[in-house]
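From first to last, the protein sequence lines are chains L and D. To convert, note that position 118 of the first sequence is 118 in this note's numbering; the numbers rise steadily by one, no gaps. One rule links them: number in this note's numbering = place in the second sequence (from 1) + 318. Built from N, CA and C at the ideal position, the CB exists for glycine as well. It should be emphasised that the depicted structure is a prediction, and the values quoted were computed from it without experimental measurement. Each remark here refers to the structure printed beneath this line.
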Amino acid sequence: MQAIAAQVKEAAKKLLEDKKVDLVVGFAEGSLPLRGTPFFARTPEEANQLTWNRGCENNLANFLRKREGKVAVVAKGCDVRSIVALTKENQIDRDNLYIIGVPCDGMVDRKKVGKLLGGKEVLEVVDQGDTIVLKGNGFAETAKLADLLHNSCIDCRYGNPVVYDELIGTLMPEKAEEDFAEIKAFEAKTTAERRAFMTEEFSKCIRCYACRNACPMCYCTECFVDCSQPEWIGKSAANVQDNILFQAVRVFHSAGRCADCGACERACPMGINLRLLTRKLVKDVKVLFNAEAGVSMDDKAAMATFAADDPEPFLVKE
Amino acid sequence: MIVSKKDIPNLLDKMIAEYEVIAPVKKDNFTVFKPVASGTDAVVGEGNTKLPAKELFFPQSEKLFSYSVTEEGTKLEAPMDDKKKVLFGVRPCDARSLKLLDNVFDNDKFQDPYYLTRRENTVMVGIGCNSPASTCFCTSVNSGPFDTSGLDLLLVDTGDAYVVELITEKGKALADQAGLTAASDADKTAAAAAKEAAVVTCQVNTDGLKAKLDVNFYDPIWERIHEKCLGCGACTYLCPTCHCFDIVDDAVDCTGCRVRNWDSCAFPLFTLHGSGHNPRTSNKERYRNRIMHKFKYFVDNFNEIGCVGCGRCIKNCPVNMDIRVVLENIRGSEARLDS
C-alpha cells in the first residue's frame with residue numbers, strides 16, 4: 001500500500017509539473033484511522049498529500065462530472081466503471097480526463113470494524129497485508145483483512161480498472177463469476193417478508209440523502225424528492241413508506257447504470273442495507289439483458305438501447 | 319448519593335411507573351434514545367447515541383396540528399406532548415446542546431410550545447464521560463466531560479457504582495423519589511478521582527476564529543474548503559445543535575396536518591425562493607453557512623458557540639469532512655480580508 005501511495009504521489013506530481021492536467025482528484029490521509037479523504041491537488045506540492053490506503057472508499061467519479069479543464073483522477077476499479085458509465089451519459093469528457101488506474105482488492109468497512117470491536121474505539125491501525133492490527137486504549141486486535149472488507153468489495157469482479165491511461169500496481173487475477181446468493185435469498189422471501197424487511201430497514205432512514213449524494217450516477221439537476229411543485233413525495237422521514245419510495249425510485253433510476261460500488265451504503269450514517277436493492281437491479285439487468293454497467297467503453301448502456309428482437313418477457317406472456 | 323450499577327434496571331423500573339423513561343437502547347451497531355418498557359432494555363454508559371438528544375424535544379417530523387373541513391365545519395386539533403419524562407443516560411454534550419437550543423426556541427421574540435413543554439416535563443439524568451472519544455472536543459467549546467449544564471442529575475462512574483450529583487431541585491426530587499442512598503466520603507473521593515482522570519485529548523483552537531469569520535465571508539479559502547463535501551444532510555441531522563426546520567402541509571382534499579420537519583442548510587432547496595432564485599447557488603455558500611451559523615451567527619445572537627464538540631459529524635461524514643480541520647484551515651488562512 002505504501003509503495004502504491006508513493007507511486008500515486010509521483011504520477012500526480014509529474015502530471016501537474018508537466019502541466020498535462022490542472023487538477024488531480026485523489027485521496028489524502030483522513031483524520032481518522034482507516035480513513036482516506038477525497039483530495040484535490042492543483043500543484044506538485046499539493047500532490048505530496050496524496051496517498052493510498054484501505055480507507056480510500058469513496059467513489060471519486062462523483063467529483064468528475066462537468067469539470068472544466070484537464071483533470072486526472074486516481075481511480076480504483078469501481079470508480080472507473082462509474083467513469084465509463086458517466087462518459088456514455090456525456091457527463092465526463094474522456095478526452096479531458098486522465099485516469100491513473102489502481103487495481104484494488106478491497107476497502108475496509110469501518111462498520112465491520114466497529115462490530116468486531118463491540119464499540120471500542122480504534123486509535124491506530126497497522127496494515128500487515130492479509131491482516132490488520134487494530135489498536136486502541138488498552139487493546140490490540142489482529143483481524144483478517146478478508147473479514148473486514150466491504151461486502152461490495154468481496155463481490156467485486158472489476159478490481160482491475162477496465163480503462164486507464166496509466167496503471168499503478170499490478171493487475172490482479174480474474175475472480176469467479178458472482179452468484180448473487182443474498183439476492184436469491186431475498187427473492188425467495190414472500191412479498192410480506194420482503195415488505196417487513198424493507199419497513200424495518202427504512203424505519204432507520206433519516207432522509208439525509210447521503211446515499212444519493214455519494215452516488216456518482218445520481219446527478220439530476222433537481223431530484224424528484226426535492227421538487228415541491230408538484231410534491232412527488234412526502235418530505236417527512238417519519239413516513240417509512242415515503243422513505244422506501246424515495247429509495248425505490250432512486251434504485252430504479254440507476255438500473256443498468258449502477259456499478260455496484262457500494263458508495264450509497266458506505267455513506268449511509270444509519271447503516272441501512274441499501275446495496276441489497278441496488279444489487280437486485282444489477283442482477284436483473286444482468287439476467288434480462290446480459291449487461292453490466294461501465295465494464296466497456298464500447299457497450300451501449302443497457303437501458304439506453306433498443307433492440308427489435310428484445311424478448312420483453314415481462315410484457316409478453318408466452 | 320449513589321446507585322450501584324446492578325441496581326440501575328431496578329431504578330429505571332421504579333421510574334417507569336411514574337414517568338416515560340427514555341434511555342439509550344441498542345440498535346444494530348449503535349445506540350439510540352428510545353422510551354424503555356423495562357429497565358434492562360437501557361444501555362447505560364456507552365458512547366454517544368447515533369442521533370442526538372435534540373430529536374426528543376424537537377423531533378425530525380412533528381405534527382403541529384391536524385385539520386379537517388367537513389359540512390359540519392372546521393375541526394382543528396393540536397396535539398401537545400406533555401408526558402412526564404426522564405431522559406436517562408444522556409451525555410453532557412447532548413444536555414448542553416439543549417441549553418443552546420433553548421436560546422432558539424425560547425427567547426423574547428418567540429416561545430415554541432412544543433419544545434418547551436417537553437423541556438419543562440423532562441428530568442435530565444446525565445452520565446459523565448470517563449473515557450472521552452478521540453473525536454470529542456467538548457473542552458474546546460466551553461464544556462467538558464462532566465459539564466452539568468442542562469442536567470438535573472449527573473452520574474459519575476466509579477467502577478461498580480455511579481455517584482449521583484444533585485444539580486437542580488428537579489433532580490433532587492427525582493433522586494429522593496427513587497430512594498437513593500447517600501454516598502460515602504470514599505465514594506465521593508472515587509468520583510472526584512474519575513473526573514480528574516478523564517482527559518479530552520482532542521483540542522480545537524477557537525482563538526480568533528470569530529474575529530476571522532466576522533471578515534472572511536469572501537475569503538477564497540471557502541472555494542477549497544467545501545470541495546469534497548457531498549452536500550448531504552448527515553452532519554446537520556446528526557448534529558445536536560443544528561435546528562433548522564421546514565413546515566409543510568401533508569393534506570389530501572380537506573383533511574391534513576401541518577408538519578415541522580428538520581431541514582438542512584446543505585440542501586439546495588433550503589434557500590430556494592418562490593421566484594426560482596437561489597441566493598446560495600452552490601455548495602460553497604451552503605457549507606460556509608453551516609460554519610458561519612455555528613461559529614459566528616450563533617455567537618452574534620446568543621454569545622455562545624453553536625457546537626458542543628460531540629464529534630458526531632466527524633465520525634459520520636461520508637467523505638471525512640472533519641470540522642476540526644476545517645476550523646484550523648479557516649484560522650490559518652492568511653488572505654487579506656480587511657480591505
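Would you mind reading off the limits of the beta strand (DSSP E) that contains residue i?
i                      : result
residue 471 of chain D : 471 to 475
residue 342 of chain D : 338 to 345
residue 580 of chain D : 573 to 580
residue 98 of chain L  : 97 to 101
residue 391 of chain D : 391 to 395
residue 464 of chain D : Here residue 464 of chain D belongs to no beta strand (DSSP E), and DSSP marks it neither H nor E.
residue 111 of chain L : Note, residue 111 of chain L: premise wrong, no beta strand (DSSP E); alpha helix (DSSP H) at 110 to 117.
Where do the N-terminal and C-terminal ends of the alpha helix (DSSP H) with residue i fall, by residue?
i                      : result
residue 480 of chain D : Residue 480 of chain D -> not in any alpha helix (DSSP H); beta strand (DSSP E) instead, spanning 479 to 484.
residue 192 of chain L : 191 to 202
residue 89 of chain L  : Neither: residue 89 of chain L is in no alpha helix (DSSP H) and is coded neither H nor E.
residue 415 of chain D : 410 to 423
residue 646 of chain D : 641 to 650
residue 285 of chain L : 275 to 289
residue 182 of chain L : 181 to 188
Tell me which residues share the same chain as residue i and place their Cβ nearer than 7 Å to its Cβ, disregarding the 5 neighbours each side in the sequence.
i                      : result
residue 160 of chain L : 77, 103, 171 and 172
residue 522 of chain D : 455, 458, 642 and 645
residue 649 of chain D : 523, 526, 527 and 530
residue 541 of chain D : 602
Counting only the same chain and skipping the five closest in sequence on each side, list residues whose C-beta sits under 6 Å from that of residue i.
i                      : result
residue 595 of chain D : none
residue 430 of chain D : 423
residue 401 of chain D : 338
residue 154 of chain L : none
residue 371 of chain D : 408 and 412
residue 582 of chain D : 551 and 554
residue 180 of chain L : 283
residue 505 of chain D : 320 and 481
Apply the 10 Å Cβ neighbour rule to residue i and answer buried if 16 or more other Cβ atoms are within range, or exposed otherwise.
i                      : result
residue 227 of chain L : exposed
residue 514 of chain D : exposed
residue 552 of chain D : buried
residue 341 of chain D : buried
residue 188 of chain L : exposed
residue 657 of chain D : For residue 657 of chain D, the pLDDT reaches just 45, beneath the cut-off of 50, and the residue's location in the model is therefore unreliable, although a value from the coordinates is still provided. Answer is exposed; the Cβ neighbour count stays below 16.
residue 380 of chain D : buried
residue 535 of chain D : exposed
residue 538 of chain D : exposed
residue 233 of chain L : buried
residue 394 of chain D : exposed
residue 220 of chain L : exposed
residue 368 of chain D : buried
residue 63 of chain L  : buried
residue 121 of chain L : buried
residue 1 of chain L   : exposed
residue 351 of chain D : buried
According to DSSP, simplified to helix, strand and coil, what is residue i?
i                      : result
residue 65 of chain L  : coil
residue 34 of chain L  : coil
residue 565 of chain D : strand
residue 442 of chain D : strand
residue 385 of chain D : strand
residue 209 of chain L : coil
residue 373 of chain D : helix
residue 16 of chain L  : helix
residue 25 of chain L  : strand
residue 93 of chain L  : coil
residue 136 of chain L : strand
residue 320 of chain D : strand
residue 51 of chain L  : strand
residue 149 of chain L : strand
For residue i, which residues from the same chain have a beta carbon less than 8 Å from its beta carbon, with the 5 sequence-adjacent residues on both sides left out?
i                      : result
residue 597 of chain D : 589, 591 and 603
residue 388 of chain D : 572
### Query
For the segment 208 to 223 of chain L against the segment 245 to 260 of chain L, are there 3 or more C-beta pairs whose distance is under 8 Å?
Flag = yes, the segment 208 to 223 of chain L and the segment 245 to 260 of chain L touch.
### Query
Using 8 Å as the threshold, is the segment 459 to 468 of chain D in touch with the segment 294 to 302 of chain L, meaning 3 or more CB pairs across them?
Three or more Cβ pairs closer than 8 Å define a contact, and the segment 459 to 468 of chain D falls short of that threshold against the segment 294 to 302 of chain L.
### Task
Indicate whether the contact test is met: 3 or more Cβ pairs, each with one atom in the segment 20 to 36 of chain L and one in the segment 605 to 620 of chain D, closer than 8 Å.
At 8 Å Cβ cutoff, the stretches do not touch.
#### Entry: the segment 34 to 48 of chain L touching the segment 227 to 236 of chain L, judged by at least three CB pairs closer than 8 Å
No, they do not touch.
### Query
Quick check: the segment 276 to 287 of chain L against the segment 324 to 333 of chain D, are there 3 or more CB pairs under 8 Å?
Short answer: they don't touch.
### Message
With three or more beta-carbon pairs closer than 8 Å as the criterion, would you say the segment 542 to 562 of chain D touches the segment 260 to 277 of chain L?
### Response
In this structure the segment 542 to 562 of chain D touches the segment 260 to 277 of chain L; the number of beta carbon pairs closer than 8 Å is three or more.
#### Entry: Inter-stretch contact (C-beta, 8 Å, three-pair minimum) for the segment 442 to 449 of chain D and the segment 408 to 416 of chain D
Between the segment 442 to 449 of chain D and the segment 408 to 416 of chain D, the count of Cβ pairs shorter than 8 Å is three or higher; the stretches touch.
### Query
Do three or more CB pairs link the segment 139 to 149 of chain L to the segment 99 to 114 of chain L at distances below 8 Å?
In the pairwise beta carbon analysis, the segment 139 to 149 of chain L is classified as touching the segment 99 to 114 of chain L: at least three pairs are separated by under 8 Å.
### Message
Would you call the segment 198 to 208 of chain L in contact with the segment 254 to 265 of chain L, where contact means no fewer than 3 C-beta pairs closer than 8 Å?
### Response
With fewer than three CB-CB distances shorter than 8 Å, the segment 198 to 208 of chain L does not count as touching the segment 254 to 265 of chain L.
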